[in-house]
Every structure is written in C-alpha cells, then in structure tokens.
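Right, one structure below, let's go through it.
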Amino acid sequence: MISKNIEENKDNLKELFNNTSDLILYEFKTLSNHRALIAYINGTIDKVSLNEDVLKPLVEELVSPWDIKSTVYTRINDEIKELKDTIVPINNGLVILFMEGLDFAYTFDLSQWPKRQVEKPTTEMVIRGPKEAFVEDIIVNKTLIRGKIKSNNLIFEDYILGEETNTKVSLVYIKGIVKEGVLEEARYRIEKIKIDAILDNGYIESYIDEKPNRLISTVAFTEKPDIAASKILEGSVGILCDGSPNVLTVPKLFVENLHSAEDYYIRAHYATFLRILRLMAFLASFVIPGVYISLITFHQEMVPTELLISIAGQREGVPLSSPFEALLMILFFELIKESGVRLPEAIGQAVTLVGGLVIGQAAVEAGIVSSTMIIMIASTGMAEFVVPKLRESIPILRLIFLFLGSVSGLYGITSGLVLFTAYLVSMKSFGVPYMWPIAPYDKEGLKDTIGKYSVRKLNYRPEAISNKKRRKRNERID
Amino acid sequence: MISQWKKTFIILSLIFCMLLTSCTGARELDTLGIVIAVGIDIENGKIIVTNEVINPASGKESKTASSQDNTLFVQGIGNTVEEAIINTTLTFDRRLYYPHNYLVILGEEFAKAGISEHIDILSRGKEQREQAYMLVAKGTRACDVMGINSGISKSSGRYIYQIIEEDIYNGQTRTITINEFLKYHFKEREEYILGVVRPIEKPQINKNKTEDKIQVICVEGGAVFKEDTLVGYYMGDEMLGFNFLIDDLKMANISFESPKYLQKNHNLISEKGSLSSVEIFRSKTKKSLKVIDGRLHLFIDVEFRGLLAEETQGIDISKPGMIREMEKACGEKVKSHIANVMNKAQKEFGIDTFGIGELVHRKYPKLWKEIKDNWSQVFVDLDYTINVKAHINDTGFTNTPPNIRKDK
Chain A
68 MISKNIEENK
78 DNLKELFNNT
88 SDLILYEFKT
98 LSNHRALIAY
108 INGTIDKVSL
118 NEDVLKPLVE
128 ELVSPWDIKS
138 TVYTRINDEI
148 KELKDTIVPI
158 NNGLVILFME
168 GLDFAYTFDL
178 SQWPKRQVEK
188 PTTEMVIRGP
198 KEAFVEDIIV
208 NKTLIRGKIK
218 SNNLIFEDYI
228 LGEETNTKVS
238 LVYIKGIVKE
248 GVLEEARYRI
258 EKIKIDAILD
268 NGYIESYIDE
278 KPNRLISTVA
288 FTEKPDIAAS
298 KILEGSVGIL
308 CDGSPNVLTV
318 PKLFVENLHS
328 AEDYYIRAHY
338 ATFLRILRLM
348 AFLASFVIPG
358 VYISLITFHQ
368 EMVPTELLIS
378 IAGQREGVPL
388 SSPFEALLMI
398 LFFELIKESG
408 VRLPEAIGQA
418 VTLVGGLVIG
428 QAAVEAGIVS
438 STMIIMIAST
448 GMAEFVVPKL
458 RESIPILRLI
468 FLFLGSVSGL
478 YGITSGLVLF
488 TAYLVSMKSF
498 GVPYMWPIAP
508 YDKEGLKDTI
518 GKYSVRKLNY
528 RPEAISNKKR
538 RKRNERID
Chain B
7 MISQWKKTFI
17 ILSLIFCMLL
27 TSCTGARELD
37 TLGIVIAVGI
47 DIENGKIIVT
57 NEVINPASGK
67 ESKTASSQDN
77 TLFVQGIGNT
87 VEEAIINTTL
97 TFDRRLYYPH
107 NYLVILGEEF
117 AKAGISEHID
127 ILSRGKEQRE
137 QAYMLVAKGT
147 RACDVMGINS
157 GISKSSGRYI
167 YQIIEEDIYN
177 GQTRTITINE
187 FLKYHFKERE
197 EYILGVVRPI
207 EKPQINKNKT
217 EDKIQVICVE
227 GGAVFKEDTL
237 VGYYMGDEML
247 GFNFLIDDLK
257 MANISFESPK
267 YLQKNHNLIS
277 EKGSLSSVEI
287 FRSKTKKSLK
297 VIDGRLHLFI
307 DVEFRGLLAE
317 ETQGIDISKP
327 GMIREMEKAC
337 GEKVKSHIAN
347 VMNKAQKEFG
357 IDTFGIGELV
367 HRKYPKLWKE
377 IKDNWSQVFV
387 DLDYTINVKA
397 HINDTGFTNT
407 PPNIRKDK
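Residue numbers (the working numbering), protein chains in the order written: chain A, 68 to 545; chain B, 7 to 414.
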C-alpha cells in the first residue's frame with residue numbers, strides 16, 4: 068500500500084530496497100506547498116530531463132496535487148497503487164513520484180542506460196548488404212527490427228523473466244505470416260521458464276530447445292537485424308532478450324547453417340556455389356581425420372602408391388600410433404583456437420605465432436607428428452570456419468568420427484554417417500522437421516536450400532514455417 | 007520403463023557390436039613393407055620370390071641427401087609362391103604388403119617350366135592387385151632384371167613400370183595385366199602372350215662415371231605361351247603385326263620404302279634415302295571368317311590413320327595423287343608385318359595366339375564343335391587374306407623435303 072504520508076513511503080522504500088546505496092530518494096516541496104518524493108536508481112536516468120521536465124514544473128508551476136498530469140512536461144507512464152509494484156519500474160530506470168496526500172505514485176520513463184552504439188557485426192561479416200548489428204539494449208534491438216519491417220502487423224510481446232534479474236524478453240512475429248501453432252508453442256515455452264537469472268539468450272535457448280542435450284541446436288541465432296527480419300518475414304518467431312546482442316529465431320532448419328545473409332544479396336549462381344562449398348566444408352570438417360586414419364591403418368591399398376610412400380616416409384619414426392597422433396593434433400588445434408579467442412589481442416598475436424611454429428614446424432621436425440597429419444587437421448580447421456553456425460557441434464563430431472575411423476575403418480565412417488543422417492532426419496524444431504525441405508521433400512522449398520534461385524523466382528515462403536505461402540509480390544511479366 | 011541411461015547404453019552397445027565385427031586388422035604404416043615389384047624364379051624345384059620393397063625413408067623430404075637406397079630387395083625361398091613369401095618374414099623386418107605391387111616378372115626358367123600351378127595366388131590372394139603387369143624376363147632370371155634402374159624414376163620397379171606405361175607410343179610391346187592374363191588363361195583354345203622384359207648392356211655415355219657399360223631394361227616383344235609353357239618370343243615388327251592383328255594397337259611407327267616410280271618425276275639428290283615413316287595414331291582391325299569351298303578362310307581388314315613423320319625420298323607430297331601412293335606403300339608394309347606374324351604363329355609355334363578360335367566358335371558353333379579338338383592343326387593350315395586401308399591425314403609442316411633443291 069502506498070501511504071499518503073511521504074515519510075512513511077520513504078522508510079518503506081528504503082526497507083524494500085534494503086538500504087541500497089544507489090537508490091536516490093529526493094524530497095522537495097512543490098509550488099502548492101505539498102511535500103513530494105522522487106525515487107530512482109542512480110545512473111539509470113536522464114538527469115537533465117528529470118530537472119527540466121519534472122522537477123522544474125513541479126516546483127514552479129504545480130498548484131494542486133491533482134494537476135500533476137497537466138503540469139509535467141513528460142509522459143506519465145503509469146499510476147502505481149502498491150509499493151511493491153515499484154520494484155520493477157525503479158530497477159528499469161523509471162522515476163517514481165510520490166505526492167503528499169496521494170495514495171498512489173506516478174512513474175516517468177526517463178531511463179537512459181549506458182549502452183553500446185550500433186556497430187558492425189563481429190561474427191557474421193559480409194561484403195555486401197547491411198553492416199549493422201544488434202546491441203545489448205532490447206529497445207535498440209526492437210527499433211532495429213522495426214526499422215527493417217515497418218508494418219502494423221509486426222508485433223512484439225514482452226515478458227519479464229528471471230526471478231532476480233527481471234530481464235526483459237520479447238517475442239516478435241508478423242501476424243498473418245507466423246504459424247499459430249509455432250507461436251503458441253513459443254509462448255508456452257517462454258512462459259514455462261522458471262529461472263533466477265538470464266544473462267544472455269543462451270539461457271532461453273536451452274529452455275526452449277526441445278532437447279538441450281542434443282549435439283546440434285534447433286534454435287537459430289543471429290546478430291544481424293536483416294537476417295532476423297528475413298526470418299521473421301518467412302514466418303519465424305524472433306526472441307529478443309535484454310542484455311544479449313543476438314536474436315533467437317525459431318523454428319530452425321538444418322540448411323540455415325549453410326546459409327549466409329549475403330547469399331540473398333549476391334548473384335544466385337555464386338550463392339549456389341558458395342552453399343555447395345559450405346556443405347562440402349561441413350562434411351570435410353568432421354570426416355577428414357577419421358577417413359585419413361582409416362585409409363592409412365585399414366585401407367592402405369586405396370591410397371595412390373606415390374602418396375602412400377610419401378606418407379609412410381613421414382610416419383617412419385613417429386612414436387605415436389596414427390589415431391593418437393590425430394587426437395594430439397586435434398587437441399593442439401583446439402588449444403590454439405581457444406587461446407586465440409580468449410586471450411587479449413596483444414598476447415593473442417604471440418600465441419598464434421608460437422602455436423603456428425609449434426604445430427607447423429617444430430612438431431614435425433621433432434618427429435612427434437607427420438606433416439600429412441598437420442595438413443589433414445589444418446584443412447578440417449579451415450573447413451570448420453566456413454560453417455561458423457555449427458562450430459559448437461563440429462569438434463565433437465570430429466572426435467566421434469576419428470574414433471569410428473580408427474576402430475573400424477571406412478566401415479565405421481560409413482555407419483557413422485548413416486546414423487548421423489538418421490539422427491538429423493529424426494530431429495524437429497518447434498514441430499518442423501529439421502531437414503525440411505530435403506526430407507520431407509518440398510519442391511518449392513528446394514529453390515532456396517543448397518541451390519539458390521534468384522530472388523525473383525522465390526515466390527513462396529517456406530511451407531513448413533510460414534502460414535501464408537505466397538509472398539506478396541507485384542505482378543510481374545516473366 | 008527403461009531409464010534414459012539404460013536406453014543409451016543399449017543403443018551404444020548395439021552400435022559397437024555392429025562396428026566391432028568389421029575388419030579388426032588395423033595395421034600401422036610403419037609395420038608394412040610396401041612391395042612394388044615381384045619376381046618369381048624357379049631353381050632346383052624351389053620357388054624363389056624376389057620382392058622390391060619401398061624404403062619409407064625415401065619418401066621423406068629431407069634436406070640432407072640420404073645415402074640409403076630407395077628400395078630394398080627381399081628374397082624368399084619355398085616350395086610354393088606363398089611359402090616363399092611367408093619365408094621372407096624370417097629375414098625381413100616388415101610384413102610384405104602387396105596391394106601396391108604393379109609388376110609380376112616371371113623368370114625364363116620359371117616360364118618354361120609351366121606357370122599354371124603357381125599363378126593361383128595372383129587371383130586368390132587378398133592383397134594381390136589385379137592391375138599389376140605380367141612380364142617374362144627374356145633369357146634370364148627375374149631377379150637379374152630387377153634392380154636395374156637407368157631411368158629417372160626413383161626405383162627399379164617404378165622404372166620398368168613407367169617404360170611399360172609409356173610404350174603406347176611404340177606398338178612393339180605387349181602390356182597385359184594380371185586381370186587380362188587370367189581372362190586369356192581361362193579362354194578356350196587361345197594361347198596368351200605376356201610382356202617381355204630383358205636387360206641390355208649399353209655403353210656409358212656419361213664420362214663422369216667410372217663404369218664402361220650400363221644396364222638398361224628393354225620391354226620389346228611378347229612371350230608366347232603354349233598351354234602354360236613359354237615356347238618363344240615375338241620380337242620387334244612381329245609384335246607390331248601381332249598388335250595389329252588383335253586390334254590392340256594404340257600408336258606405332260611404320261617405316262616403309264617409298265614407291266619407286268615416283269622418283270623419276272623429281273630431281274633426286276640422294277640415292278640412299280628411300281624410307282618414309284608414318285606415325286599411326288588410330289587403327290581398327292576387323293577379323294571375319296568365311297567358309298570357302300569347305301575350308302575356313304580368315305579375312306583381316308585393317309584400317310588405320312597416321313601422319314607422315316619422316317620422308318627421306320624427296321617426294322613432293324603436295325602433288326596430287328602422291329599421298330595415295332604413299333598410303334598404298336605404307337599399307338603394304340603393314341600387310342607384310344601381319345603376314346610375318348601369322349606365318350610365325352602357323353609355321354613356327356603352330357598355335358593360335360590371336361583368338362581366331364573364339365571367332366570360329368562364335369560364327370560357326372557347330373563347326374567349332376567338330377574341329378575344336380584339333381584346332382591347332384586347322385589353324386596351321388588356315389587360309390587368310392589381309393586388306394589394309396591406310397590413311398595419311400597429316401603431312402606435317404613441310405611439303406618439300408630437304409633433299410629437293412629448287413634450282414636443280
């Protein structure tokens with residue numbers, strides 16, 4: 068209950084916020100000689116605006132507590148009746164105004180958080196196409212999406228999640244295009260989340276993913292507004308989370324891993340070529356070490372003679388068996404990768420240099436590994452970077468296939484691939500088959516899968532995802 | 007209800023049951039001796055198998071030149087080929103690995119003693135590669151041919167292999183793989199011809215070397231087998247005729263005497279030069295049979311295309327009609343090559359080495375049943391007609407040879 072007495076409110080607020088030092092409680096007298104109290108968290112609001120638009124009119128012009136609405140120069144956000152309802156607004160950077168004689172409080176949205184400017188994307192770089200990326204602030208992110216889709220059908224639905232963090236989470240979709248079932252499911256899964264803290268949308272991802280232990284995620288994320296917008300326009304549901312510079316989109320298809328935003332901005336034949344390249348790179352990135360090991364330990368007859376002699380020459384004197392040699396190199400490579408990501412930039416250079424030397428030259432000269440092995444591992448590493456969206460799955464898959472290859476040769480690799488394919492086909496993301504449109508087959512969907520038709524030919528939205536199939540297009544004479 | 011872990015465990019163990027049944031024999035490369043050439047000899051009833059094994063150190067790129075040889079020669083002796091191979095493990099530190107073997111050289115003695123009882127391993131052995139070439143060492147043992155390397159290749163086996171691979175330009179050799187050999191071996195009434203390899207001594211040209219002579223390998227000719235026993239060889243032009251006959255000629259050079267009467271029309275400078283060469287690049291032979299007056303008659307129709315590579319007679323090839331005369335003369339030469347080899351097969355060996363028996367079988371199955379038991383006699387008296395159609399498609403860059411001078 069909010070008391071009509073200012074002192075009482077002040078004490079109650081202090082108690083409610085446990086005497087935290089950054090809660091500012093400022094008491095003053097209005098022109099009408101009423102006592103007033105404003106409460107906010109230091110640093111979260113625009114102080115100039117508070118002085119000019121709230122305090123100044125109240126002190127100089129307010130004649131009656133009932134005239135506050137017509138006196139202040141800023142929009143009143145809300146009227147609060149219960150004291151405990153002030154917790155969320157105050158924490159979100161709103162200003163609360165208590166008035167002597169009023170048993171409710173006004174809130175003003177003057178929030179101004181420290182935030183990053185919209186910058187270039189750091190992980191999804193493009194040569195052609197928009198070069199802006201989401202930031203940590205959810206309001207800015209919403210604006211960025213709205214900037215792409217200026218439609219009255221673009222809808223944001225807000226949620227507050229996290230018992231302690233009270234993080235703002237927002238669903239975004241286009242009414243009419245989104246599938247009702249997917250939307251209902253997304254709402255249901257979001258509402259079901261019971262967690263004390265959400266620091267990044269990775270938390271949400273693991274809650275809304277059907278089986279979070281899976282090797283491959285069925286939730287897509289992007290840091291580029293144009294990608295998010297294109298997904299939403301295809302019928303996906305976007306999930307924004309305050310504090311995360313990424314936007315989740317569901318449902319996700321496997322082929323999205325092989326796509327890049329740029330595919331839609333460049334010429335179709337080149338995009339097709341790049342997608343085929345990425346598919347091969349994906350396969351190569353986890354199969355190569357296993358295949359190499361099975362070739363040189365089980366199927367020496369399949370290697371061309373000259374190459375086999377060369378490999379045999381390099382293997383001569385290497386103390387480790389081939390599978391362990393491969394394992395060692397894979398771990399070395401992962402070490403270099405991880406240290407390159409984590410270390411401060413200044414030291415990162417040195418690490419790359421030392422790592423390159425250790426792996427590239429010293430290891431071979433010392434006779435610990437053969438140089439062919441380095442070529443194999445390095446090529447898988449390169450291939451891995453071509454499909455960055457699967458970087459969380461590929462190293463594990465690589466180890467699995469290395470094991471299969473060294474235990475049972477090409478037979479193991481083939482069995483592994485069959486099982487892996489079955490695994491992929493069995494997966495579903497929000498009810499949509501993960502391998503759509505390959506399995507189940509869809510002719511229209513295949514126009515934008517591995518092969519990429521020109522945008523002029525893509526007259527249909529993916530049937531599995533969107534509600535409305537035909538895209539709105541001006542009539543065009545072919 | 008089975009718990010999640012139990013389910014995972016069951017599925018995993020099923021997967022591993024499936025996986026672990028496969029080939030368990032993983033072999034590290036540094037336990038294998040990669041064989042690139044095999045020589046088989048017979049001596050006092052014992053089989054001697056000579057293997058040329060790659061020394062892996064030769065594959066290593068090192069800055070310091072290694073003094074080690076690129077290949078090692080490993081010999082094993084036994085009563086059978088397999089026993090001889092297994093016996094090598096008594097003296098050699100690697101297990102011999104055969105899938106990269108591309109040469110099987112049979113010693114002359116071995117070939118003369120009959121090979122069919124020893125070649126079973128070539129088709130039965132799991133590690134034997136069917137693409138290996140089969141060769142007979144002419145006039146010597148197989149192990150005397152191996153180890154000669156006067157080429158650019160790193161090893162002796164590779165040297166011989168490369169010679170065989172490149173000899174499509176010649177036409178005087180026979181390249182036959184184990185696979186093809188087996189095909190011939192099981193054919194009815196057709197004798198097979200294997201490739202030939204022999205060492206030749208040549209004078210040392212490089213004056214920096216101390217030796218006066220060097221040994222080189224020559225793969226000219228074909229080894230003729232009757233049943234499974236070596237009976238003789240086709241050499242040089244006979245082999246050319248043979249390859250024409252069995253329609254297996256890829257490229258060849260035919261040197262022939264230029265037609266004499268053309269010389270009158272031109273200013274002849276040199277009397278010596280009288281040969282011309284045609285490089286054949288495509289040839290097609292059709293053999294057909296007819297029964298004429300109750301006797302089998304073989305028709306051999308050869309048609310080939312070639313280019314004029316050399317002309318020493320002083321013939322102006324640009325003159326109309328000349329090229330036809332040249333083609334005719336070239337055709338006559340090819341005809342004589344084919345007749346030579348036919349003659350040798352009929353008179354000297356008395357065996358059908360050209361697969362004509364199969365032709366009879368196909369065309370006259372009833373007749374074949376009657377004559378198949380004494381096909382050799384029928385073949386010896388077989389009449390034949392050779393028709394050669396030559397086409398010279400290209401005469402090179404010049405029209406007039408250097409021995410025609412315009413002012414004379």
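Every residue, glycine too, gets a C-beta built ideally from N, C-alpha and C.
Below-8 Å beta-carbon distance, residue i vs any chain B residue
i	result
GLU401(A)	no
ASP545(A)	Model confidence at ASP545(A) stands at a pLDDT of 45, short of 50, so the residue's coordinates are unreliable; what they give is reported in the following sentence. No, because no Cβ of chain B sits closer than 8 Å to the Cβ of ASP545(A).
THR141(A)	no
VAL492(A)	no
GLN428(A)	no
ILE91(A)	no
ILE467(A)	no
GLU459(A)	no
ARG281(A)	no
PHE165(A)	no
SER388(A)	yes
GLY380(A)	yes
ILE24(A)	No answer is possible for residue 24(A): the residues shown for chain A start at 68 and end at 545.
GLU383(A)	yes
THR372(A)	yes
Neighbour flag for residue i against chain A, beta carbons, 8 Å
i	result
ILE42(B)	yes
SER64(B)	yes
TYR139(B)	no
ARG368(B)	no
ALA32(B)	yes
ASP36(B)	yes
PRO105(B)	yes
ILE60(B)	yes
LYS69(B)	Because the pLDDT of LYS69(B) is 46, which lies under 50, any placement of that residue in the model is unreliable, and the number read from its coordinates should be weighed accordingly. For LYS69(B), the answer is no, since every Cβ of chain A falls outside 8 Å of its Cβ.
Sub-8 Å separation of residue i and residue j beta-carbons
i	j	result
ILE53(B)	ILE46(B)	yes
GLY402(B)	LEU314(B)	yes
LYS118(B)	THR235(B)	yes
GLY327(B)	VAL394(B)	no
ILE397(A)	ILE444(A)	yes
TYR167(B)	TYR104(B)	no
VAL385(A)	VAL322(A)	no
ASN346(B)	ASP253(B)	no
LEU128(B)	ILE184(B)	yes
GLU401(A)	PRO462(A)	yes
Buried versus exposed, by CB contacts within 10 Å (16 or more), residue i
i	result
PRO318(A)	buried
PHE340(A)	exposed
LEU350(A)	exposed
ARG334(A)	exposed
MET449(A)	exposed
TYR139(B)	buried
Reference residue i; option with closest CA among the options
i	options	result
ALA506(A)	VAL522(A), SER116(A), SER521(A), ALA489(A)	ALA489(A)
ASN109(A)	GLU203(A), LEU161(A), GLY483(A)	LEU161(A)
SER88(A)	VAL499(A), SER99(A), ALA106(A)	ALA106(A)
THR136(B)	VAL110(B), GLY157(B), ALA148(B)	The identity of residue 136(B) in the sequence shown is Glu, whereas the question assumes Thr. Cα-wise, what sits closest to GLU136(B) is VAL110(B).
ASP99(B)	ILE60(B), ASN212(B), SER122(B)	ILE60(B)
VAL355(A)	TYR508(A), MET440(A), PRO279(A)	For clarity, residue 355(A) is Ile in the given sequence; the question names Val instead. With distances taken between Cα atoms, ILE355(A) lies closest to MET440(A).
Limits of the beta strand (DSSP E) - the one that residue i falls within
i	result
LEU35(B)	No beta strand (DSSP E) contains LEU35(B), which DSSP labels as neither H nor E.
LEU315(A)	314-317
LYS93(A)	Here the sequence assigns Tyr to residue 93(A), which means Lys is not the residue at that position. It spans 90-96 - the beta strand (DSSP E) in which TYR93(A) sits, taken as one unbroken run.
Residue interval of the alpha helix (DSSP H) (run including residue i)
i	result
GLY357(A)	335-364
TYR190(B)	184-191
ASP243(B)	243-251
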